[in-house]
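To convert a position in the sequence shown, counted from 1, into this note's numbering, add 652.
Here a beta-carbon is modelled for each residue, glycine too, at the ideal position from N, C-alpha and C.
Contents: one structure, followed by commentary.
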Amino acid sequence: MMKIQTIFITSRSMDMELMNMGIYQTEENYQIYLDGTLWGESRKIIETVDGLKPDTTYSVFIKTQNGQSEPLEFHTNRESYTLNVRDFGALGDGQRDDTTSIQAAIYACEADMRVLIPKGVYKITSLFMKSDVHMELAEGAVLSGITDRSRIPVFPGMIENYEENEEYNLGSWEGNPLTTFTALITCLHVSNVTIYGRGRIDGCANYENWWKYTREKIIAYRPRLVFISHCSNIVLQGIRVENSPSWNIHPYFSQNLRFINLTIRNPKDSPNTDGLDPESCKNVEIAGVHFSLGDDCIAIKSGKIYMGATYRVPSEQIEIRQCCMCDGHGSITLGSEMAAGIRQVTVKDCLFLHTDRGLRIKTRRGRGKDAVIDQITFERIRMDHVLTPFVINNFYFCDPDGHTEYVRTKEKLPVDARTPEIKCLLFKDVTCTNCHVAAAYFYGLPEQKIEQIIMENIHVSYAKDAQPGMPAMMEELDPVCKMGVYANNVHSLIMKNVQIEGCEGEPYQYEHIDELESSD
């Protein structure tokens, strides 16, 4: 019997998840019936049923050629008033700056109300959410970013108190507390915020206004589209996020976050446009999200050096499921800014398409003793045209000192307060087709070997026209093509039913492995 369950409810919509019916999407369309009437069709495992009334009980079931699910009853949330931003003076004509009018509606909203942004193009600089606000972007509604730097607010990186013994961090740029333009949507020290609907957040970024200045600070560093800083209980559902000046969605020192059924899109060649980057965050759910962009789809972080070492807040308890990652550098990346550590991450039932790497762990000497990666699980993953499905790189050559002898040397150095650590990783039930560069490339530190890698039920096959490339961004590494599994400086490597088809040369290459268990 097919089974569906509700995973999120607003006053106007419900998100459901189909259980055990595929990865990201079903093989064929299914029909959705709401109160016995055909509502629509879909193939997505996680789908939104919307256009509902507040404080109302509904029944939903799905039907396929093979049968139907049991009806599922749910009740929408209460909603006392709708605050339409048009009533607050917003025009939505794509010309006038509507920031102040929408901001007025947000600050007039109370806990059981809804801010409605109806169809139209609303030019904005930055909107600042407050606690207990539920904002719906209706179908056809676009929050369109103003790109004139002189009109966008700025968050300073750090502000010292009068006693000069404490600091207040606002801006963040690639793991450091630096002055940054505020995001189109900024959540700062708020809780219980929901942003949902079928509308779009469009940063209007291109090479002329933002992307040609990849690393330059011009007044401030480039903004995100959504910045969630020191918040709790935040939900983004259904909306489309696109054309960001830099990272699309950046949760920062926050907890209890949900990202459901989003679409995040940037051009393939747009620089540093990561999709969703939780940094020093706890209890994060990313479900049913479609990514297609110019950098890492999801990059989990915890500070470059200063923030990680000073505040020591890891990213932890993160679940990623039923997502589709397309066209980026890495489908799921851990690091390289991870000085406070990353632990308890589960990625399951996901589809990776045409990314450079599937799992990508990036760290290096200097990240510090708190930079520990542990309890990472990948299971039931399908990859197609991913150049290198598995990469662990302890010699990532980022930052101004990335090419120094300290970072690059393969000689064994003393373990000290600067040495990062990678502990336990599990890869299970993963199928990779049309690979190009390498099946897996694992390179640990000689002084702090990767503690344990378990690969179970892994199948990798190569594209017929496979092209050579770099399996990892590290020095003294030549391009390879159709390399099998390469592992260096690993304490325990356990491989059960790992099949490599079509590689050139030996399918398995091991160096400095303390304990090896392999069975095919």
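Practice prompt. Could you tell me which of I661, I675, M671 sits nearest to R1032, measuring between CA atoms?
Written response: In the sequence shown, residue 1032 corresponds to position 380, counting from 1. Residue I675 is the option with its Cα nearest to R1032.
Worksheet item: Taking 8 Å as the CB-CB cut-off, is I1102 touching chain B?
Response: The structure shown contains no chain B; it holds only a single protein chain.
Worksheet item: How do the region 954 to 972 and the region 996 to 1009 stand: do at least 3 beta-carbon pairs fall below 8 Å, yes or no?
Response: yes
Discussion item. I'd like the ranges of any beta strand (DSSP E) spanning at least 3 consecutive residues and lying wholly in the region 1039 to 1086.
Written reply: Whole beta strand (DSSP E) segments, 3+ residues: 1040 to 1045.
Discussion item. Checking 8 Å against the spacing of the C-beta atoms, do N924 and W899 come in under that value?
Written reply: Translated into positions along the sequence shown, residue 924 becomes position 272. Translated into positions along the sequence shown, residue 899 becomes position 247. Closer than 8 Å, so yes.
Practice prompt. For D1130, count neighbouring C-beta atoms within 10 Å of its own C-beta (all shown protein chains included) and say buried if the count is 16 or more, exposed if not.
Written response: The residue given as residue 1130 occupies position 478 in the sequence shown. Exposed is the call here.
Practice prompt. Note the first and the last residue of the continuous alpha helix (DSSP H) segment covering M959.
Written response: By one-based count along the sequence shown, residue 959 stands at place 307. In the DSSP assignment, M959 falls within the unbroken alpha helix (DSSP H) covering 958 to 963.
Practice prompt. Could you give the DSSP three-state label for Y759: helix, strand or coil?
Written response: As a working mapping, residue 759 is identified with position 107 in the sequence shown. Helix at Y759.
Discussion item. Under 8 Å, with one C-beta from each stretch per pair, do the region 1163 to 1171 and the region 1108 to 1119 reach the 3-pair mark?
Written reply: Segments in contact, no.
Worksheet item: I think F1094 touches A1139, with their Cβ atoms under 8 Å apart; what is that distance to the nearest whole Å?
Response: Counting from 1 along the sequence shown, the entry for residue 1094 is found at position 442. Counting from 1 along the sequence shown, the entry for residue 1139 is found at position 487. Their Cβ separation, rounded to whole angstroms, is 4 Å, which keeps F1094 and A1139 in contact under 8 Å.
Discussion item. Beta-carbon within less than 6 Å of T915's beta-carbon, same chain only, minus the 5 sequence neighbours each way: which residues are those?
Written reply: As a first step, residue 915 is located in the sequence shown; it is residue number 263 there, counting from the start. Same-chain partners within the cutoff: R892, H942.
Fill in: Check whether E931 and Y904 have beta carbons under 8 Å apart
Looking up residue 931 in the sequence shown gives position 279. Looking up residue 904 in the sequence shown gives position 252. Yes.
Worksheet item: To which residues of the same chain is H1006 closer than 8 Å at the C-beta, ignoring the five residues directly before and after it?
Response: Start at 1 with the first residue of the sequence shown, and residue 1006 comes out as number 354. Within the same chain, H1006 has close Cβ partners C978, D979, D1036, H1037, V1038.
Item to complete: Assign D929 to one of three DSSP states: helix, strand, or coil.
Response: For the purposes of this step, residue 929 is identified with residue 277 of the sequence shown, where counting begins at 1. It is coil, neither helix nor strand.
Worksheet entry | Buried versus exposed, by CB contacts within 10 Å (16 or more), M653 | Residue 653 sits at position 1 when you count from the first residue of the sequence shown. Flag for M653 reads exposed.
Fill in: Residues that K869 bridges to, as DSSP identifies them
Walking along the sequence shown from the start, residue 869 turns up at place 217. Paired residue(s): none; K869 is not in a bridge.
Fill in: Cβ-based burial, D702 [other Cβ within 10 Å; buried from 16]
Taking the first residue of the sequence shown as position 1, residue 702 is located at position 50. That one is buried.
Worksheet item: Taking the alpha carbon of E819 as the point to measure from, which residue in G993, I811, L690 has its own alpha carbon closest?
Response: Against the sequence shown, residue 819 aligns to sequence position 167. Checked all of G993, I811, L690; the closest Cα to E819 is I811.
Practice prompt. Determine the direct distance from the alpha carbon of C839 to that of A756, and round the result to whole angstroms.
Written response: Counting from 1 along the sequence shown, the entry for residue 756 is found at position 104. Counting from 1 along the sequence shown, the entry for residue 839 is found at position 187. When rounded, the distance between both Cα atoms is 16 Å.
Fill in: For W825, the residue or residues it bridges with in DSSP
Reading the sequence shown from its first residue, position 173 is the one you call residue 825. Paired residues: N828.
Discussion item. For a quick check, are the C-beta atoms of A742 and L768 less than 8 Å apart?
Written reply: Residue numbering aside, residue 742 sits at position 90 when the sequence shown is read from its first letter. Residue numbering aside, residue 768 sits at position 116 when the sequence shown is read from its first letter. In this structure, L768 does not lie closer than 8 Å to A742 by Cβ.
Discussion item. Using 8 Å as the threshold, is the C-beta distance between D1022 and H981 below it?
Written reply: Residue 1022 sits at position 370 when you count from the first residue of the sequence shown. Residue 981 sits at position 329 when you count from the first residue of the sequence shown. Cβ atoms of D1022 and H981: not closer than 8 Å.
Item to complete: Indicate whether the contact test is met: 3 or more Cβ pairs, each with one atom in the region 841 to 850 and one in the region 819 to 833, closer than 8 Å.
Response: no
Worksheet entry | Collapsed DSSP secondary structure at N861 in the structure displayed | Along the sequence shown, read from residue 1 onward, the residue named residue 861 stands at position 209. DSSP places N861 in helix when its eight states are reduced to three.
Worksheet item: Is the Cβ-Cβ distance between F726 and I661 less than 8 Å?
Response: The residue given as residue 726 occupies position 74 in the sequence shown. The residue given as residue 661 occupies position 9 in the sequence shown. In contact: F726 and I661 (Cβ atoms closer than 8 Å).
Worksheet item: Is it right to say Q677 is buried, meaning 16 or more other beta carbons lie within 10 angstroms of its own, or is it exposed?
Response: One-based indexing of the sequence shown puts residue 677 at position 25. Under this definition Q677 is a buried residue.
Worksheet item: For R803, which of helix, strand or coil comes out of DSSP?
Response: As a first step, residue 803 must be located in the sequence shown, where it is residue number 151. In the structure shown, R803 sits in a helix (DSSP, three-state: H, G or I).
Item to complete: Give the range of the beta strand (DSSP E) segment to which V842 is assigned.
Response: Along the sequence shown, read from residue 1 onward, the residue named residue 842 stands at position 190. Taken as a continuous stretch (DSSP letters only), V842 belongs to no beta strand (DSSP E), as it is neither H nor E.
Item to complete: State the DSSP-derived secondary structure class of T751, mapped to helix, strand or coil.
Response: Here residue 751 is taken as the residue at index 99 of the sequence shown, counted from 1. Looking at T751 - three-state DSSP - the assignment turns out to be helix.
Worksheet item: From what residue to what residue does the beta strand (DSSP E) around V1132 run?
Response: Counting from 1 along the sequence shown, the entry for residue 1132 is found at position 480. Taken as a continuous stretch (DSSP letters only), V1132 belongs to no beta strand (DSSP E), as it is neither H nor E.
Practice prompt. Give me the Cβ distance between N1045 and I1025, rounded to the nearest whole Å; I'm assuming they're in contact under 8 Å.
Written response: Within the sequence shown, the letter at position 393 stands for residue 1045. Within the sequence shown, the letter at position 373 stands for residue 1025. Going by Cβ atoms, the distance from N1045 to I1025 rounds to 12 Å, so no, they are not a contact pair.
Worksheet item: Which stretch, first to last residue, makes up the beta strand (DSSP E) that contains Y814?
Response: On the sequence shown, position 162 is the one that residue 814 refers to. First-last for Y814: undefined, no H or E at that position.
Worksheet item: Can you pull the DSSP bridge partners for C883?
Response: As a working mapping, residue 883 is identified with position 231 in the sequence shown. DSSP lists no partner for C883.
Practice prompt. Count the other CB atoms, across all protein chains shown, that sit within 10 Å of the CB of K1064; report buried if there are 16 or more and exposed otherwise.
Written response: Locating residue 1064 in the sequence shown gives position 412, counting from the first residue. By the 10 Å Cβ count, K1064 comes out exposed.
Worksheet item: Under the rule that 16 or more other beta-carbon atoms within 10 Å means buried, what is P966, buried or exposed?
Response: Residue numbering aside, residue 966 sits at position 314 when the sequence shown is read from its first letter. Label assigned to P966: buried.
Worksheet item: Apart from the five residues just before and just after F879, which ones in its own chain have a Cβ nearer than 6 Å to its Cβ?
Response: On the sequence shown, position 227 is the one that residue 879 refers to. The residues are A835, T838, H902.
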